[in-house]
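Participant: Protein chains in written order, with the numbering used here: chain C, 717 to 1064; chain Z, 717 to 1064; chain U, 717 to 1064; chain P, 717 to 1064. Every residue, glycine too, gets a C-beta built ideally from N, C-alpha and C. Source: prediction; values computed, not measured. Here it is: the structure, laid out below.
There are 4 protein chains.
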Amino acid sequence: MQSKIQVGVLGATGMVGQHFVRFLEGHPWFELAWLGASDRSAGKKYREATVWRLEGSMPDRVAELTVEECKPGNAPKLVFSAMDASVATEIERAFADCGHMVVSNSRNHRMEADVPLLVPEINPDHLKLVPLQREKRGWKGGIVTNPNCSTIALTMGLAPLVKFGIEKVLVTTMQAVSGAGYPGVASMDILGNVIPYIGSEEEKMECETQKILGTLNGGSVTPLPAAVSAHCNRVASVDGHLVAISVALRDKAGIESVRRAFDEFDPLPQRLNLPSAPKPAVLYMEDKDRPQPRRDALRGNGMTVTVGRLRECPVLDYKFLSLGHNTIRGAAGAAVLNAELMRSEGLI
Amino acid sequence: MQSKIQVGVLGATGMVGQHFVRFLEGHPWFELAWLGASDRSAGKKYREATVWRLEGSMPDRVAELTVEECKPGNAPKLVFSAMDASVATEIERAFADCGHMVVSNSRNHRMEADVPLLVPEINPDHLKLVPLQREKRGWKGGIVTNPNCSTIALTMGLAPLVKFGIEKVLVTTMQAVSGAGYPGVASMDILGNVIPYIGSEEEKMECETQKILGTLNGGSVTPLPAAVSAHCNRVASVDGHLVAISVALRDKAGIESVRRAFDEFDPLPQRLNLPSAPKPAVLYMEDKDRPQPRRDALRGNGMTVTVGRLRECPVLDYKFLSLGHNTIRGAAGAAVLNAELMRSEGLI
Amino acid sequence: MQSKIQVGVLGATGMVGQHFVRFLEGHPWFELAWLGASDRSAGKKYREATVWRLEGSMPDRVAELTVEECKPGNAPKLVFSAMDASVATEIERAFADCGHMVVSNSRNHRMEADVPLLVPEINPDHLKLVPLQREKRGWKGGIVTNPNCSTIALTMGLAPLVKFGIEKVLVTTMQAVSGAGYPGVASMDILGNVIPYIGSEEEKMECETQKILGTLNGGSVTPLPAAVSAHCNRVASVDGHLVAISVALRDKAGIESVRRAFDEFDPLPQRLNLPSAPKPAVLYMEDKDRPQPRRDALRGNGMTVTVGRLRECPVLDYKFLSLGHNTIRGAAGAAVLNAELMRSEGLI
Amino acid sequence: MQSKIQVGVLGATGMVGQHFVRFLEGHPWFELAWLGASDRSAGKKYREATVWRLEGSMPDRVAELTVEECKPGNAPKLVFSAMDASVATEIERAFADCGHMVVSNSRNHRMEADVPLLVPEINPDHLKLVPLQREKRGWKGGIVTNPNCSTIALTMGLAPLVKFGIEKVLVTTMQAVSGAGYPGVASMDILGNVIPYIGSEEEKMECETQKILGTLNGGSVTPLPAAVSAHCNRVASVDGHLVAISVALRDKAGIESVRRAFDEFDPLPQRLNLPSAPKPAVLYMEDKDRPQPRRDALRGNGMTVTVGRLRECPVLDYKFLSLGHNTIRGAAGAAVLNAELMRSEGLI
């Protein structure tokens, strides 16, 4: 792989877009060469069009790029979509139609039957939907999505237990404010408080989890036939969605087997040495009070999901905690890892 | 009831003790007349012996009382115990032996077979254990306890549903820092963070709930034969423990019946007009994002438990939220309400 | 005073308007009878037009009032203005022109030469501007304003020292998020952070302080000829603006005299027993680490300003802290106290 | 410089000690080879003796080192002291006496006449006190100190203005909780609050600043004859002390000159390319609301001090903000940079 693949970001000036800009900086395979945003920003330098809200500075090279309209014309073949759900549907389809591979963080196409909802550590075979998608829709390109930021912490925590047969999942989330974008949650709402409601989040977690853990059957995914129930809450943390999981398993494995499954989990992206695949993918922490959002979300450059406190559950079988960095593993990093797998599989 | 009943507080200088001092101020039945604390404080005025950590000022009248040793001699018949668990066992027993009625917030005696773990709205009949306790232990007084601060939010939220037959309970807590006393949780641990562990809290919630919702059979309580599983977490709120509950019911009641049960809940303390019994005992809030700790914990002077977001649970039957003020409904106020019921029942 | 005076609130559905609604509930002189808001809300019940964001519930009686357009027609003679600065200028003038007395929390008219910027404890004589204002503008009513929420903590803290001759004031604020309204400060900006900038706040504090402490000379106020310099910061507190003050005095009083001045401060509203005048107006706390926003802002129902830590300043003469509740003493309560003084002086 | 210099840390298991361990990891000149702690920890592996409280993991290599008693015997020549003030005096002297160079973060020896209070960007010549210290005390080694964590943000912010002649400094701090160590500030004290008091902090800032900016005259430092006044406050941020500074200058430079001075500041450690010397040492941020603790404290690996909002001060001459990372630039990083300068000057 001599020269880098040029990539673009749709919706580059928003918060998720900024996360893509930062995550792609210094990437060994991809070079950010194109920035798309609303008409209001088009024609300006990225530096002028963007209020940078992340820690540290905007990368100098990107700052000087000129923002373009979100039209397929001159964009690179591979584009990451950080677009707001209110506009993503039509634009992503237009790009896919014109031959672009759209690796999207937006929720719009996640649940469509021919669109992979991809987590490379869990369901890399779902990429086989892409040729079917092209055929069915008459597209030259395609759309591949990553899950919602809270779903990723849940499904990655569950992934090592899939081999025992997951039958029921009850999860309660404690989600960081960065998950709501900017300005997002009002400080009057969250200081010294918990908001026990996030619009559509519970529904998304429940159905996305079933699709991600589902089985590819011919041309579509059969959802995992497991009951999934989510309680979603916003708490006063900045980064990192922590989820408390209870799970019922078909195979009544002993706690030592379950504990060992976390250590033995060795999924494809890690074996392929994909650049953004963290090692380990899932880290079990032995301490009695971990994982914790502020202390653990950034492990593995924000790509490792940390779990802990595995114990028996008096209602289902086991209970434990899982933590994922919502803007990295749950957004920009997830999409980039998806693209790396697609590159590795020859789809890009 | 012409003149007030004199009462004392064991462990009066600590955080829980301060909550008793504040809650008893202006009480229509009880007058705080005696303060017990460690030898180090005995002999000093309360003002001198205490670093007041609550909002507002120490009540002037109490500030001038002289702190005494925690010995039964001159204390009033009715004493509230705010003692630390490390010393409560022997001292509470010594007081009970000498004819004092000890209404305790400490955990030490809660799970003993002949000691009521009392929530007046739920199990007022458990007070019938007191005569048995006296007989068995040869005490002239007795010990009555209230539950842990997180258990109360759970059991009060469940109480209106008891009539449907509770079979399984899965609860995840988001608990305020005031529940850990002073200095309690280090700010380095909680700012922008969640601590997914509170020592012994899950075990306490599970077994206390079964006892509170249990049935008095002859001389002891048969625990509710329901599986109870708790995930306990500390979050960056100041007051108010919020709990997310999923519950399985024996009678498969429709959601309207369950919803109505919260409004129809009309327990004994409210019918008796006990001074600290809030009306309503349990308030169902219709808003989509309530209850919230900072905005709702103080309803009903901190004695009303607020619930909300009742919806069907894909794993068990229903899920909803419950919130209780941990230092009022979950500590000082709970014990005072216990004493009011005991007075009403002629036990004091 | 047999029957209550009917009053209205302009801008009743916003955050400041909600504070007026709550503060006026149960007022012994005034009865809230009229609510004005934008065209969008007019015609609806207050309950329907308003997302209530304060702790506790919307007062039942007010909830049933119908919101009206902000037009002078049917409103009571006395109206409190909680209007946004973007619209307040014209509407307040229209009401004053039609014979209403507008007691405004908006910043728009504060610095006009014939408009009192009133703090009843400090400059009650500035009310003499009202007749001149009427004459000059041909109004049947008038406009009286209260200062910005941070200015009040500064000027009330300084008020007891006015007798020593204030020559220089250097103040650094640590302001609560509620001062920015709703949604106001984004949680992403303030969690674990300080924002060292609040638009126009420093300029307001500097010039408002000079006017409040200024001298009425014939038909206008001569500003206090003291240099005032402000550093304004937003911190992660909910209510209460804390300000650190250094001051140079003309009379080189000893520290005991200065300390005593806080205790001896006995201004007019307290001597008149105005209903919202707290006693004391300014409370000096002896503890080494007070006042603190969360623990002290609500003293005197949020109307007492607390000060502490008086000590010598190596650069100016003395330094100390002052704390005022920004939405009560710094907004709704300030305006109501202004109206009480005006009633007492026969202006209403 | 072929092989690395072995170094030790006194007080290695505490919070400051952990910061040294982390900061020294991968250092190009120094290799952490020796860990001293209390008798209780001596003999254990660092992994066993330490509850690691920093983000990320304890470095593997250091985790396996055996902790030793804090006695001079086998320790390397160069030791960093992270000892608690309660024990530092005697132990640091014992090490200096036995030929060790003690580069200390403790406050104990900072204000002694023959001990450098060193900030390499400001007063590198103060190192000339070391030979005098040896001679006077008969030591074979010596002690060099760095300032308090809030002093560093102040003095580095002032350093570029020294050339204009600093005559008066008035500073108000907003300090992060990590400055208080562990457990440090109770969460009950700081959530939604500000604590306007930090024991001895104001005195330390005032006198340390005068010494750091003072002039070496023969065998001692003549303090800067400038009045310095500090207001110190604890706020709910995790890392980064933000200080609001007003300053009076002898040379009445225009604001453009003062602004330029920040950009032109080019001190010795940066010219020497010392490994921990950040570039720039002081970064002026143009944004209207910066620097901010959470977003800017980590610039330059936590070693760059960020300043902003330079404007005229109505009371003194100019006002601006300065921010330093308290546990890096204000503790471990400061000491390591001191040692790098000492190595560069041939003192180690």
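Assuming the contact rule is C-beta atoms closer than 8 Å, residue 990 of chain U and residue 1053 of chain U should be a hit. Round their C-beta distance to whole Å, please.
Facilitator: About 6 Å; that satisfies the 8 Å criterion.
Participant: Tell me the DSSP secondary structure of residue 722 of chain C in three-state form.
Facilitator: If DSSP states are grouped into helix, strand and coil, residue 722 of chain C belongs with the strands.
Participant: Which class does residue 816 of chain U belong to by DSSP, given the choice of helix, strand or coil?
Facilitator: Coil.
Participant: Helix, strand or coil for residue 732 of chain C per DSSP?
Facilitator: In this structure, residue 732 of chain C counts as helix in the three-state DSSP scheme.
Participant: Establish whether the CB of residue 884 of chain U and some CB of chain P are separated by less than 8 Å.
Facilitator: Chain P, which has a Cβ nearer than 8 Å to the Cβ of residue 884 of chain U, makes this yes.
Participant: Determine, using beta carbons only, whether residue 783 of chain C and residue 751 of chain C come nearer to each other than 8 Å.
Facilitator: Yes, they are a contact pair.
Participant: Given that residue 893 of chain Z touches chain P, what residues does it touch there, using C-beta distances under 7 Å?
Facilitator: Ordered by position in chain P, the residues that pass the 7 Å Cβ test against residue 893 of chain Z are 903, 904, 907.
Participant: Return helix, strand or coil for residue 921 of chain P, following the three-state DSSP convention.
Facilitator: Helix at residue 921 of chain P.
Participant: Taking 8 Å as the CB-CB limit, is residue 916 of chain P close to chain U?
Facilitator: Output row for residue 916 of chain P: interface = no.
Participant: Measuring only between beta-carbons, confirm whether residue 1035 of chain U sits less than 8 Å from chain P.
Facilitator: Answer yes: the Cβ-Cβ gap between residue 1035 of chain U and chain P drops below 8 Å somewhere.
Participant: Along the chain, where does the alpha helix (DSSP H) that runs through residue 904 of chain P open and close?
Facilitator: Counting along the chain, the alpha helix (DSSP H) containing residue 904 of chain P begins and ends at 903 to 906.
Participant: Which same chain residues, not among the five before or five after residue 912 of chain Z, have their C-beta less than 7 Å away from its C-beta?
Facilitator: The residues are 949.
Participant: Rounded to whole angstroms, what is the Cα-Cα separation between residue 1018 of chain C and residue 870 of chain P?
Facilitator: Near 34 Å, if we compare the C-alpha coordinates of residue 870 of chain P and residue 1018 of chain C.
Participant: Tell me which residue opens and which closes the beta strand (DSSP E) that residue 1000 of chain U is part of.
Facilitator: Unbroken beta strand (DSSP E) run through residue 1000 of chain U: 998 to 1001.
Participant: Any beta carbon from chain Z within less than 8 Å of residue 1009 of chain P's own beta carbon?
Facilitator: No, no contact with chain Z.
Participant: Mind listing the chain U neighbours of residue 911 of chain P? Cutoff is C-beta to C-beta under 7 Å, in chain order.
Facilitator: The answer, in chain order, is 1005, 1008.
Participant: Taking 8 Å as the CB-CB limit, is residue 1014 of chain C close to chain P?
Facilitator: Yes, residue 1014 of chain C lies at the interface with chain P (some Cβ there is under 8 Å from its Cβ).
Participant: Give the secondary structure of residue 933 of chain C by DSSP, where H, G and I count as helix, E and B as strand, and everything else as coil.
Facilitator: In this structure, residue 933 of chain C counts as strand in the three-state DSSP scheme.
Participant: Please confirm whether residue 814 of chain Z and residue 856 of chain Z have their CB atoms less than 8 Å apart.
Facilitator: Their beta carbons are under 8 Å apart, which means residue 814 of chain Z touches residue 856 of chain Z by this criterion.
Participant: Can you name, in chain order, every residue of its own chain whose Cβ lies under 7 Å from the Cβ of residue 1065 of chain Z, other than the five neighbours on each side?
Facilitator: Past the edges of chain Z, shown from 717 to 1064, lies residue 1065 of chain Z, and the structure says nothing about it.
Participant: Nearest chain U C-beta to residue 945 of chain P closer than 8 Å, yes or no?
Facilitator: It does: the Cβ of residue 945 of chain P has a partner Cβ on chain U nearer than 8 Å.
Participant: Quick one: is residue 923 of chain Z near chain C, going by C-beta distance under 8 Å?
Facilitator: Closer than 8 Å: no.
Participant: Determine which residues of the segment 752 to 780 of chain Z have a Cβ less than 9 Å from any Cβ of chain U, and write them out in chain order.
Facilitator: Cβ contacts with chain U: 769, 770, 771, 772, 773.
Participant: Near residue 943 of chain U, what residues of its chain come up, given a Cβ to Cβ distance below 8 Å and the 5 sequence neighbours on each side ignored?
Facilitator: Counting only Cβ-Cβ distances below 8 Å, and skipping sequence neighbours, we find 883, 884, 885.
Participant: Could you name the residues that DSSP lists as bridge partners for residue 784 of chain U?
Facilitator: In DSSP, residue 784 of chain U forms a bridge with U/752.
Participant: Which word fits residue 717 of chain C, buried or exposed, when buried means at least 16 other C-beta atoms lie within 10 angstroms of its C-beta?
Facilitator: Residue confidence for residue 717 of chain C is low, a pLDDT of 49 falling below 50, so the modelled location carries little weight; the figure read from the coordinates is stated next. When all chains shown are included, residue 717 of chain C counts as exposed.
Participant: Determine the extent of the alpha helix (DSSP H) in which residue 764 of chain Z is found, giving its start and end residues.
Facilitator: Start and end: 762 to 765.
Participant: The alpha helix (DSSP H) with residue 1052 of chain U in it runs from where to where?
Facilitator: Counting along the chain, the alpha helix (DSSP H) containing residue 1052 of chain U begins and ends at 1049 to 1060.
Participant: Show which residues of chain Z have a CB atom less than 8 Å away from the CB atom of residue 1025 of chain C.
Facilitator: The contacting residues are 912, 913.
Participant: Looking only at its own chain, which residues have a Cβ that is under 6 Å from the Cβ of residue 952 of chain C, when we skip the five neighbours before and after it?
Facilitator: Taken in chain order, the residues that qualify are 906.
Participant: Could you tell me if residue 720 of chain U is buried or exposed, where buried requires 16 or more neighbouring beta carbons within 10 angstroms of its beta carbon?
Facilitator: Looking at its Cβ environment, which holds fewer than 16 other Cβ atoms inside 10 Å, residue 720 of chain U is exposed.
Participant: Alpha carbon to alpha carbon, how far is residue 981 of chain Z from residue 970 of chain Z? Give it in angstroms, no decimals.
Facilitator: When rounded, the distance between both Cα atoms is 17 Å.
Participant: Taking C-beta to C-beta, are residue 771 of chain U and residue 1011 of chain Z nearer than 8 Å?
Facilitator: Cβ atoms of residue 771 of chain U and residue 1011 of chain Z: closer than 8 Å.
Participant: Which of helix, strand or coil does DSSP assign to residue 947 of chain U?
Facilitator: It is a strand residue.
Participant: Could you tell me which residues DSSP pairs with residue 884 of chain Z in its beta bridges?
Facilitator: In DSSP, residue 884 of chain Z forms a bridge with Z/943, Z/964.
Participant: Under the rule that 16 or more other beta-carbon atoms within 10 Å means buried, what is residue 790 of chain Z, buried or exposed?
Facilitator: The residue in question, residue 790 of chain Z, is exposed, as its Cβ has fewer than 16 Cβ neighbours within 10 Å.
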